[in-house]
Amino acid sequence: MKVELFPFQKKAVDELRYNVANSLGAYQQTMIPQVVSFTAPTGSGKTIITSALIERIFNGEARYNDQPDAIFLWISDSLELNLQSKEKIDRQADKITLEQTVEISDDSFDEEMLEDGHVYFLNTQKLGKSSNLTKHSDTRNYTIWETLNNTIKNKSDRLYLIIDEAHRGMQVKDASKATSIMQKFIKGSKNEIEPFPVIIGMSATIDRFNKLIGETTATIRKVIVTTDEVRASGLLKDRIIVTYPEKKTINRDMAVLQAAVDAWKDKWDHWQQYCKEQHYAYVNPMLVVQVKNGTDHNNISDTNLDDCLQLIENRSGFQFKEGEVVHTFGQTADLKINGLKVQYIEPSRINDDKKIKVVFFKENLSTGWDAPRAETMVSFRRAVDTTYIAQLLGRMIRTPLRMHINVDDTLNDVKLFLPYFDQITVQDVLKELHNSEGGNIPADVYGEEIGESNFTTLSIHPTSKKYTKRSRVKEADNQLSFFEAYKTTENNKETTQKTNDSLSKKTTFIQSNVVNETRDKRNKDSSAVNIQQNTEDNFDKEINREEVIKAINSMGLLTYNIRSTKINNYLTSLFKLAHLLTQSGIYPGAVDSVLNNVVEKIHNYIISIKSDSTYDYLADKARKFELSTQSFDVFGKKIQGSHDIGLYSTTQADIDRQFNLAEKKLGDQGIGIAYGNKYYDENDPDSFKIHVILYALDEECRKKLFTYAENEFHKLDDQYRRYTLDKGEKFIKQYDRIVSDGDVVSKHSFRLPEAISISPDKSGKLYSDHLYVNDDGYVRVDLNSWEERVIKEEERRPDFVCWLRNPPRKTWSLTIPYKLHGDEKPAYPDFLIIRRDEKSKFGYVVDILEPHNPSLDDNLGKAQGFAKYAQNNIQIGKVELIRQTKDKARNNRFIRLNMAKSIIRDKVLHAVTLEELNHIFNEYGVFED
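Here is the structure:
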């Protein structure tokens, strides 16, 4: 594949390959149809996963032989969806040629059987009784049913049916018809078609696919991608936010459109700066506007398109050019909207056309359309259209860069604005979104009234004070800060305000209603800050948050990723890491070094078997393919050699095939070629291939190779991790993914973003000394009594600078592994405390504090996890487990156990029981208040 699969996608491909091979083998033995049910949440990349499966079947791999004559029929209920699937395969699958993918056409398709080595695309609309494909004619010798039935009868050993189940966008009548047609493929139809031998069903829910297959005698195997797996990958947005107006809002259309344009323009500015900093191609997020249908044939839409476009231009500051605004209405002709020529475009082409900024549409974007750039949408549909709107949201939740954004958390959501909905009807949309998209969609979904946000953005740059100079928090030396555009943004606001004066009085009145209410709320909160002991103005003189973040991100502190399973073997991970280190210039010789090491291992093995006189015997066996290959045929059965299947490899093609199989066993990284380059013998040109084959088939050699790979992988990671800190987020994401895929518990450099998006606490105290604050320089944090008293103790220290609440399960959270009942678990210590440290080259030191209930059964595990963390991070300040206890005067006080002290750490690491830990607390714990 041209794209790097996410870990959950690789796992799904592995499971699909195993189940498909077993299904084909079972069919050959029993002649009972076999079904592989592949269930994955919306947005998880089912098409990409299935494309990777097809590549593996065609080309083979270490465990399974290739099947270049395999035939795939890809069927769905939507022509647009089919074309989109074909285009994705053509674009992303580098081992499937364009000639291999074929759309079955009504007019020209006429074949006795499907051809070997092809992927055919067919949609159910072409299979109705009125379709040309289902009828004989002067130009058609075979109906489509005859073609398919002939293929089933003659090529069942290599025939696969893929059902792309996507009834979401269909009317009930059409969906029922499509289901009936698809069931012919599964169950067969008398005098028409026999059941397909192996069926791979792609669906968002198990229930949906079960309804499709109905009652059948077929054996069903299941492959399930969970919501949590997709959520953790960063492939999808974190949040879907649905916004609706107050009931008293006048002229809802324009008021809500204005709010949507503001949100879109804010996204646009954030993306532009982020892409500039990180050296990505510009994302150019789109505003998608769903308008009303026209009530008569002379009226394109009952929505005033001229007013809409004028407001969008005035509010955003854009003066649109031709091609930047498009429509997808049923009428394919160009339109004139507010004096601008607005072209028609096919929905499937929208996302790839980076010129497009605004899309007007009516009803044709619910299926067959994926637009990760469509991050803001406003719909003028009425509240009765909950199902349709839910379907639209399901098309918009993929992230534009296929990753979670760490630097700016505001880029991890998608927003929908609904002028004709209220709190109750929005809840209906959210409920329908879960129902139509498969239960638990892999994103959090929220409904909010305009001015009542569920999320607030905190950053290291409060804007209530005019900063005359700003240093930046560097991702790399040659990058700009996200916040260096501050003055430009302020100037743009002034320009935009002047432009807005040209809006009608009606719209200005609406704007005042919406904005003034928000401003009133902000003023109330701002006044509350003045009650605090440390006001924002006073505290700013002491906290240079940019400097603090830069220091923390430069310290090389570790954080960890904990998974339940490993995704890659160590050999694959080693080569991926070596390639990245080589390409980045961090270690230019990494790949050559690894290849040379493995080449020498092969050479030493050949020397050893030549010295003990077994080489000639083994080489002869290899040439005749009489050695056990420990691989599987396409039916999932082990190939045991010539004695079982009577296969002799005496031709050059057979040796090459074994050599290619050996290359795959060795990671498919060119090891065999590298060996040939160094040890090629012109008197025996095939000898280097035989050497590689023998090495790959020797179980002990492979075991030693993977041990070497494990050690070298960790060595390279530990040696070069610190050099990744200034390489930018794109590189860091690649590095972190490679390291995460290689280990169940993987090490990563701890880095904090400049801005975060959080769900604001409704109660709690206001703090101006938190690391992240709002525009007014404070944040409201709801701490329990323990936590509040711990922070008070820290604030009294003379070297105290600021503190950070470390939330669980955020991509930027500090995570420490610990063991509980034998399993690796993630711990998220409550607080990071930043103190001044004049002796440190960073000027600051970080403490980790965890107030913890001593009655919980994870105490010993967490204590030992924190001790190991302190052991591996000598640059850390204190790592404290904190308990509440009574002193000699019977007063409640906090006792602290600091794992950064070697004597305490050593005793904690050797403790076996909770009682021993309690004793250590009593002996070495200290009161610091």
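Read left to right, the sequence shown gives residues -12 to 916 (the numbering used here). Don't be surprised by glycine CBs; every beta carbon is placed ideally from N, CA and C.
query, result
"Identify the residues that DSSP records as bridge partners of residue 176: which are they?", "180"
"Could you check where the beta strand (DSSP E) with residue 834 kicks off and where it finishes?", "831 to 838"
"If you draw a straight line from the C-alpha of residue 900 to the C-alpha of residue 847, how long is it?", "7 Å"
"When the Cα atoms are used, what is the spatial distance from residue 542 to residue 909?", "33 Å"
"So, using beta-carbon positions, are residue 362 and residue 198 closer together than 8 Å?", "no"
"Compare the C-beta of residue 51 with all C-beta atoms of chain C and state if any pair is closer than 8 Å.", "No chain C appears in this structure, which consists of one protein chain only."
"Following the continuous beta strand (DSSP E) through residue 305, name the residue where it begins and the one where it ends.", "No beta strand (DSSP E) holds residue 305; DSSP gives it neither H nor E."
"Between the alpha carbons of residue 53 and residue 8, how many angstroms are there, rounded?", "11 Å"
"Closest to residue 843 by C-alpha separation, out of 132, 682, 905, would be which residue?", "905"
"Please say whether residue 126 and residue 101 have beta carbons closer to each other than 8 Å?", "no"
"Nearest CA to the CA of residue 693: which residue from 556, 725, 638?", "556"
"Hey, how far is the Cα of residue 323 from the Cα of residue 309?", "11 Å"
"Count Cβ pairs between the segment 304 to 321 and the segment 397 to 415 that sit closer than 8 Å; are there 3 or more?", "no"
"By a C-beta neighbour count over all protein chains shown, 10 Å radius and 16 as the cutoff for buried, is residue 734 buried or exposed?", "buried"
"Count the other CB atoms within 10 Å of the CB of residue 913; is the residue buried (16 or more) or exposed (fewer)?", "exposed"
"What's the gap between the Cα of residue 530 and the Cα of residue 78?", "50 Å"
"If residue 813 sits next to residue 801, beta carbons under 8 Å apart, how far is it from one beta carbon to the other, in whole angstroms?", "Their Cβ separation, rounded to whole angstroms, is 10 Å, which puts residue 813 and residue 801 out of contact at 8 Å."
"So, is residue 565 buried or exposed, given that buried needs 16 or more other C-beta atoms within 10 angstroms?", "buried"
"Residues in the same chain with beta-carbon distance under 7 Å from residue 750, minus the five sequence neighbours each way, listed in chain order, please.", "769"
"Roughly how many angstroms lie between the CA atoms of residue 597 and residue 603, to the nearest whole one?", "8 Å"
"Taking the C-alpha atoms as reference points, what is the distance between residue 831 and residue 771?", "27 Å"
"Determine the burial state of residue 123: buried for a count of at least 16 other Cβ atoms within 10 Å of its Cβ, exposed for fewer.", "exposed"
"Cα-Cα, which of 443, 804, 537 is closest to residue 764?", "443"
"For the segment 242 to 253 against the segment 266 to 280, do three or more pairs of beta-carbon atoms, one drawn from each stretch, fall closer than 8 Å, so that the two count as touching?", "yes"
"Distance, Cα to Cα, residue 113 vs residue 325?", "40 Å"
"Excluding the five sequence neighbours on either side, which residues of its own chain have a C-beta within less than 7 Å of the C-beta of residue 515, listed in chain order?", "Note on residue 515: pLDDT 42, under 50, position unreliable in the model; the coordinate value appears next. If we look at residue 515 and ignore the five residues flanking it on each side, its Cβ neighbours are 753."
"According to the Cβ coordinates, are residue 863 and residue 872 closer than 8 Å?", "no"
"Is residue 851 helix, strand or coil when you go by DSSP?", "helix"
"Report all residues from its chain with a CB closer than 6 Å to the CB of residue 577; omit the five preceding and five following residues, and keep chain order.", "565, 568, 569"
"Check the DSSP bridge columns for residue 696 and list the partner residues they point to.", "In the DSSP output, where bridge partners are listed per residue, residue 696 has none listed."
"Straight-line CA distance for residue 111 to residue 62?", "7 Å"
"Tell me the rounded alpha-carbon separation between residue 642 and residue 103.", "24 Å"
"Distance check for residue 132 and residue 150, CA to CA, integer angstroms please.", "16 Å"
"According to DSSP, simplified to helix, strand and coil, what is residue 811?", "strand"
"Return the chain-ordered list of same chain residues with a C-beta closer than 8 Å to the C-beta of residue 204, the five sequence neighbours on each side being excluded.", "19, 20"
"Can you list, in chain order, the residues of its chain whose CB lies under 7 Å from that of residue 575, leaving out five sequence neighbours each side?", "569"
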